[in-house]
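Letter 368 of the first sequence, counting from 1, is numbered 976 in the numbering used here, and no numbers are missing. Think of the CB as a built atom: it goes at the ideal place given N, C-alpha and C, for glycine as much as any other residue.
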Amino acid sequence: MEYQFRAIEKKWQTIWKEKKAYQVSNESSQPKCYVLDMFPYPSGAGLHVGHPLGYIASDIYSRFKRLKGFNVLHPMGYDAFGLPAEQYAIEHGVHPSKSTHDNIDNFRKQLDNIGFCFDWEREVKTCDAQYYKWTQWIFLQLFNSYFDKKEAKAKTITHLLSDFEKEGNSKHICPGDTSLQFSASAWKGYSEKEQQAIIMQYRLAFCGYGEVNWCEALGTVLANDEVVNGLSERGGHPVEKKKLRQWYLRITEYADRLLTGLDTIQFSDAMKEMQSNWIGKSFGAEIDFSIHQQEGTLKVYTTRPDTLFGVDFMVVAPEHALIETITPASHKGDVEQYIAYVKSRSERERMAEKKITGCFTGAYAENPLSKKLIPIWISEYVLAGYGTGAIMAVPCGDERDFKFAQHFNIPITNIIGDAFNGIDANPTKEAKLTNSDFLNGIVQKDAIAIVNDKMETLGIGKRKINYKMRDAAFSRQRYWGEPFPIKWINGIAYPMSEKELPLLLPEVDNYSPGPEGEGPLANIESWKSANYETNTMPGYAGSSWYFIRYMDPSNEKEFCNRKVSDYWGQVDLYIGGTEHAVGHLLYSRMWTKVLYDLGHIGFDEPFKKLLNQGMIQGSSRFVYRIRGTQKYVSAGLAAAHEVDALHVDVNIVDGVELNTAAFKKWKPDYAKAEFILEDGKYICGVEVEKMSKSKFNTVNPDDLVERYGADTFRMYEMFLGPVEQSKPWDTKGIEGVHRFLKKCWRLFYDELKGKVWNEEAATDSELKVLHKAIKKIEEDTERYSFNTAVSTFMICVNELADLNCHKKEILEKLLILLTPYAPHFAEDLWQALGNKSLIVDASYPVFEAKYVTESAKDYPVSINGKMRANISIDLAASEAQVHEIVLANEIVKKWVAETPIKKIIFVKGKMINIVI
RNA sequence: GCCUUGGUGGUGGAACUGGUAGACACGCAGGACUUAAAAUCCUGUGGGCCGCAACGCCCGUGCGGGUUCGAUUCCCGCCUGAGGCACCA
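So this is what it looks like as structure tokens:
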């Protein structure tokens, strides 16, 4: 009987479904284990081979834990709101809800194909009203809360208001405007509008103004992804910065807790490093520079107040408010021209730029200590969003400042003596200061406190802790997202009541943007007249709390019952890619902390352990559009033109040759494409990069499952390499895994004889093979080393085949070991062996050391670190005996010869090294 | 540019805490079975050198240094691939 994988897999998938084999209860006497995948965005491209990598890993771990006696929660759902569905709607006129649900159906089919043990009764879709009702509810919690600095936690606004009534805001520094101060009586005297404007400055979800990528020609705001080289990806129109009203989350208030919380969770060091760099806590000072012969001060933030006497120029961000007032008429033209140039550039371009650009404002600041006049420049490398949007430049100590000074011939003051060589800046803190008045002779790092004290005494500056992280923009001028439960009346944002939720996303027939940069909802009469907010929430809203909803997915009264969330608690294992390091993984941590602070849940970190699956990379194909035209030039000729490389769907490319007819049909934008061919062909560019729908380089797993079966596919994805490691997708090698399963099958069945397993008692050598495998596979699974577990299975089966072992006693245990990896295969043979219950309900075999103990070890013997011989020595032998045995060995004698032995290193159970 | 991370045979990878580099596979070559193919099985397979062979020797984990009895593993410098950089998710 042959291994009929397709029949077996279909059969067991049906039975599992009928028996509800993977349904999980919220009540159990067993210990709980919550294993979670980052849920997918259901793209039109369907599931690609990169998705299942993490899902297979989590599935293996879940099944393993279940076999080990845990009550395992392992759910799946869809992150279903987002830009691509809307894009698709604009291009094809299909309602995002329809395309999203079609995509979800397709995803579900593909997932089911692979045999995951998800409890589908807990499925969540972020675009379902019954789900986003609670996303809106959490938004209201954020809107109705502020961050109390003394208690370092979120509290409801009512606390704040009662304090305002009693004592104004003396106890509550305003996070939105630190200079804001008012008394109780002033507070009572404010109009409602004024009061609401102040409260807004405290809310954790608040409204403000921010810059967006604005495309005038399309009349819409574009995502960074939709902008290529300053032009819109659709149509190639110019894009510039525009200020719009936006919602934000005041995540900066949580900066410290997000930082310290990292110590309590098991994320990789790299991940923690990334998050803490993103938060970017720094200790520095804010210093006020007065403007020469003018009103006003220029406030800068610096981490190096010790270098204050070395300031040779100031640089302000092109967006800085002061520019307007300080620039004399003589310089206005140049300044305006420079600002216009910067407006066309993305933040990324500005930061990555190697070319030095800038413009002198014509104004001067005064050094608050030395009174020296300092020219004020504008440059794109200073960003408005960080610090005060202005820096003091110290060329001798900072590389970027140094290059800037050189480029614009600004004289450099040396304040670090010999430590500055005039060729490179030296960012040291260890040099003794020179040219620095009262600081001369003091080591820089010690001077920091001295300068800070002095400035605080003189009132020209003060110590300041700063964060690189900014508040998170939380609104989109789009249709396909959660509506805000907010009504605008007389310019005041009023929250809707919980009873009015969900505020349903209305149907529209046209997804084009509204007037003045508003979202499509602004085009709906009834929506506008009801005064609803016209923005929608961003993609990450729904994904910031979905892990909680899985615990209690159909609760209509609460986002999650407290008893239930207390039972499941933190996610024990969370698997997903590092690309979410500073987005989703920070937002969801913040939401969890807010919900915890407000008493809705009992844990303040969502994920106890994070495993970062590597990216399965795709092999992308590119076409090259000559800038500003609809001409596409073949890869080999692209160098001769100024071109933009655009991703093209790998499925309309044969190898590297583009199917030009399919390309024209692919997107309406390309319908009028003209091609410049080489040798009659259009050759595409190739690059290995992240597999993603937006790069059109996805490969579908269905064909592989069809050809080799789900179990082979599962094991192959694991066998590819460590789950944390990124690798480009390649199907070669899948045969080997398939052969392994067939070989394993033959331990049970012979093609001619049929069943070959027997009831004979196992021999010592068979038990040794089994128990070696139990130990290694259990350890490997526990430490997520699934690739080496797969090779251990191979070794085990190879050895059992060599021993001609067909004994049920051995094989039955092997099947349990194999269950997490190849569930259909294991289930089928388990039942064939006569078991009545499902194999997922079996218990994991227990390793017994007595079967694998060895009495001797083949020691590698090296001479001066080079391996020369292998000598088998009894493990009980004493060190002296070992020396004797080794020195008596012929090969050792030959190498040592007459040379005196300096020492012999003996590591018991490991190796022997003779030093001569 | 900044942050993070990787680089080991023809290929994917193994070597878990500094202790036999290349497990397990793929591919390739040769062979068995077969009318043939598929499937299956067996043998070999990092590079080089000496040799009929056995055996043996040298080199070898991106590159250049260092620490150590011993380095794929630790340290310093460099080259290079990937992910992220705040509106893709």
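- By the CB criterion at 8 Å, Lys-1511 and Val-1500 fall outside the cutoff.
- No Cβ-Cβ contact shorter than 8 Å links Val-919 with Ile-1018.
- Gln-744 is positioned such that its CB atom lies closer than 8 Å to that of Glu-1090.
- Here the alpha carbon of Leu-1425 sits roughly 28 Å from the alpha carbon of Tyr-1158.
- The Cβ atoms of Thr-996 and Glu-894 lie closer than 8 Å to each other.
- Ala-665 sits away from Phe-1155, with the two beta carbons spaced by 8 Å or more.
- Under the three-state reduction of DSSP output, Asp-1482 falls in the strand class.
- DSSP, reduced to helix, strand and coil, places Arg-953 outside both helices and strands of the structure shown, so it counts as coil.
- Judged by DSSP in its simplified three-state form, Leu-788 adopts coil rather than helix or strand.
- Around Leu-1423, the same chain offers Ala-1434, Leu-1437, Trp-1438 as residues with beta carbons nearer than 6 Å, after the five sequence neighbours per side are excluded.
- Distance from the CA of His-780 to the CA of Lys-757, rounded to the nearest whole angstrom, comes to 8 Å.
- The Cβ-Cβ distance between Arg-858 and Leu-812 falls below 8 Å.
- Look at Ile-1097 here: in three-state DSSP terms it is strand.
- With respect to the C-alpha of Leu-1194, the residue from Glu-773, Lys-1384, Gln-738, Glu-1213 having the closest C-alpha is Glu-1213.
- Its chain contains Ile-1342, Val-1345 as the residues whose beta carbon lies nearer than 6 Å to that of Tyr-1324, once the 5 sequence neighbours on both sides are disregarded; these appear in chain order.
- Cβ neighbours of Pro-1110 within its own chain (closer than 7 Å, five residues either side excluded): Ala-737, Tyr-740, Lys-741, Gln-744.
- Secondary structure in the region 626–656: the beta strand (DSSP E) runs of 3 residues or longer, each lying completely within the stretch, are 640–645 in chain order.
- In this chain, the alpha helix (DSSP H) harbouring Arg-1347 covers 1342–1353.
- Take Asn-1022, set aside five residues on each side of it, and the residues of its chain with a beta-carbon closer than 6 Å to its own are Cys-1004, Phe-1028, in chain order.
- Pro-648 is positioned such that its CB atom lies closer than 8 Å to that of Phe-715.
- Of Ile-1031, Ala-629, Asn-752, the smallest CA-CA separation from Ala-1101 is found for Asn-752.
- With contacts defined by Cβ atoms closer than 8 Å, Glu-1506 and Phe-1455 do not form a contacting pair.
- Its Cα nearest to that of Cys-1292, the residue Asp-1252 stands out among Asp-1252, Val-1331, Asp-1311.
- Between Ser-1334 and Gln-1225, the beta carbon gap of about 6 Å places them in contact (Cβ cut-off 8 Å).
- Taken atom to atom, the span from the alpha-carbon of Asp-1032 to that of Phe-1012 is near 12 Å.
- Counting only residues of its own chain and dropping the five nearest sequence neighbours on each side, Val-1515 has no CB closer than 6 Å to any other CB.
- The three-state secondary structure of Ile-1493, taken from DSSP, is helix.
- Contiguous alpha helix (DSSP H) elements confined to the region 1096–1137 occur at 1133–1137, taking only those with 4 or more residues.
- Taking Glu-974 as reference, the option from Leu-906, Ile-873, Tyr-946 with the minimal CA-CA separation is Leu-906.
- Taking Thr-1396 as the centre and dropping the five residues before and after it, the same chain places the C-beta of Asp-1388 closer than 7 Å to its C-beta, in chain order.
- The alpha-carbon separation between Lys-1289 and Leu-1266 amounts to approximately 8 Å.
- Looking at Met-684, Ser-978, Trp-822, the one whose alpha-carbon comes closest to that of Tyr-630 is Met-684.
- Under the DSSP assignment, Phe-1271 falls in the alpha helix (DSSP H) whose first and last residues are 1268–1274.
- Unbroken beta strand (DSSP E) stretches of 3 residues or longer found wholly inside the region 780–833: 813–823, 828–830, given in chain order.
- About 5 Å separates the CB atoms of Phe-772 and Trp-795; that is less than 8 Å, so the two are in contact.
- Within its own chain, the residues whose Cβ lies closer than 7 Å to the Cβ of Ala-1430, once the five positions on either side in sequence are excluded, are Asp-1319, Arg-1322, Met-1323, Leu-1349, listed in chain order.
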